[in-house]
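Below is one structure, written out as structure tokens, with a few remarks after it.
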Amino acid sequence: MGKDKKKINIPNLLTIGRIWAIPLIVATFFFEGALSAWIGVILFALAGITDYMDGYLARHLNQLSAFGRVLDPIADKLLVGAILLMLAYTGRLEGFAIIPAVIIMCREILVSGLREFLAEIKVGLPVTKLAKWKTTFQMIAIPVLMVSKPGEAPAVLHLDWIGVIALWFAAIMTVITGYDYWKSGSKYLKDEQK
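If you count the sequence shown from 1, position 181 lands on 1475 in the numbering used here, and the numbers rise without skipping.
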């Protein structure tokens, strides 16, 4: 019972809330008009705030837990992955613009698998500063793409292109950080032969 209580704390509730926000954000893609797009962006922004707050509160309230360490990155990947899929489904990402989304998704799966393996042998894979920049560009690109419609943005703004360019920057950083993580973790992948 004591162990279960440790799982139910404010940081973990915020992480769980981020996962629960995903179907709500996805639902906004099925409605036409700017209002539903902006509701989706607001929900995405709130989810992003919980991503910052759960880590901050876990450290400052001394509520770090194995449950939170596992669930937090999963929640992030589910959120980003679901929205990238919906952006592709609705045509906000099409043609060559789909490539950075594919790169980001593949890297997330690769790094998740690597982290899972390393966790089994009690080896951590710390987040780098470049990975934080990658996340920043993703968090710029995604809401911009959520409210843009290709070819319909005002000529001055070109929101769809701003979003795609930010997504390409995120993808480039994704490749670099993915390679760095792989290089750091791959030395533990060698099977010990006796």
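Here a beta-carbon is modelled for each residue, glycine too, at the ideal position from N, C-alpha and C.
For A1328, decide whether its Cβ has a neighbour in chain D, counting only Cβ atoms nearer than 8 Å.
In summary, chain D is missing from the structure at hand, where a single protein chain is found.
Test item: CB-CB of I1398 and A1464 under 8 Å:
Start at 1 with the first residue of the sequence shown, and residue 1398 comes out as number 104. Start at 1 with the first residue of the sequence shown, and residue 1464 comes out as number 170. Yes, Cβ-Cβ distance for I1398 and A1464 is below 8 Å.
Is the region 1454 to 1469 in contact with the region 1380 to 1393, if contact means three or more CB pairs nearer than 8 Å?
Counting Cβ pairs under 8 Å, three or more are found: they touch.
Do L1318 and L1337 have their C-beta atoms closer together than 8 Å?
Sequence index remark: in the sequence shown, residue 1318 carries index 24 (1-based). Sequence index remark: in the sequence shown, residue 1337 carries index 43 (1-based). L1318 is a Cβ neighbour of L1337, given a cutoff of 8 Å.
Between which two residues does the alpha helix (DSSP H) holding S1478 run?
The residue you call residue 1478 lines up with position 184 of the sequence shown. Bounds of the alpha helix (DSSP H) holding S1478 are 1453 to 1480.
Less than 6 Å between C-beta atoms, sequence neighbours within five positions excluded: which residues of the same chain meet that for L1381?
For the purposes of this step, residue 1381 is identified with residue 87 of the sequence shown, where counting begins at 1. For L1381, the CB contacts under 6 Å within the same chain, skipping 5 residues up- and downstream, are L1387, L1439 in chain order.
Measure the Cβ-Cβ separation of G1479 and L1408 and say whether it is below 8 Å.
The residue given as residue 1479 occupies position 185 in the sequence shown. The residue given as residue 1408 occupies position 114 in the sequence shown. Taking 8 Å as the Cβ cut-off, G1479 and L1408 qualify as a contacting pair.
Excluding the 5 residues preceding and the 5 following A1328 in the sequence, name in chain order all residues of the same chain whose CB lies nearer than 8 Å to its CB.
Working through the sequence shown from its first residue, we reach residue 1328 at position 34. Correct list, in chain order: V1441.
Where does T1429 fall in DSSP's three states?
Walking along the sequence shown from the start, residue 1429 turns up at place 135. Under the three-state reduction of DSSP, T1429 is assigned to helix.
Below 8 Å between beta carbons: does that hold for S1467 and K1428?
For the purposes of this step, residue 1467 is taken as residue 173 along the sequence shown, with counting starting at 1. For the purposes of this step, residue 1428 is taken as residue 134 along the sequence shown, with counting starting at 1. Here residue 1467 is Met; the residue named in the question, Ser, does not match the sequence. It is a contact, given that the beta carbons lie within the stated cut-off.
Measure the Cβ-Cβ separation of I1313 and A1360 and say whether it is below 8 Å.
Stepping through the sequence shown from its first residue, residue 1313 is reached at position 19. Stepping through the sequence shown from its first residue, residue 1360 is reached at position 66. No, Cβ-Cβ distance for I1313 and A1360 is not below 8 Å.
By Cβ distance, which residues of its chain are closer than 7 Å to V1320, with the 5 residues on each side in sequence left out?
Position 26 of the sequence shown, counting from 1, holds the residue named residue 1320. Counting only Cβ-Cβ distances below 7 Å, and skipping sequence neighbours, we find A1376, M1380.
Using the Cα positions of G1385 and S1406, report the straight-line distance between them to the nearest angstrom.
Translated into the one-based positions of the sequence shown, residue 1385 becomes position 91. Translated into the one-based positions of the sequence shown, residue 1406 becomes position 112. Taking the straight line joining both Cα atoms gives about 28 Å.
Since G1342 and N1306 should fall inside the 8 Å C-beta cutoff, what is the C-beta to C-beta distance between them, to a whole number of angstroms?
The count along the sequence shown starts at 1 and reaches residue 1342 at position 48. The count along the sequence shown starts at 1 and reaches residue 1306 at position 12. For a cut-off of 8 Å, the C-beta gap from G1342 to N1306 is around 17 Å, too long to register as a contact.
If contacts are defined as beta-carbon pairs under 8 Å, then T1322 and A1315 qualify, I think. What distance do you get, rounded to the angstrom?
For the purposes of this step, residue 1322 is taken as residue 28 along the sequence shown, with counting starting at 1. For the purposes of this step, residue 1315 is taken as residue 21 along the sequence shown, with counting starting at 1. Not confirmed; about 11 Å, so no contact.
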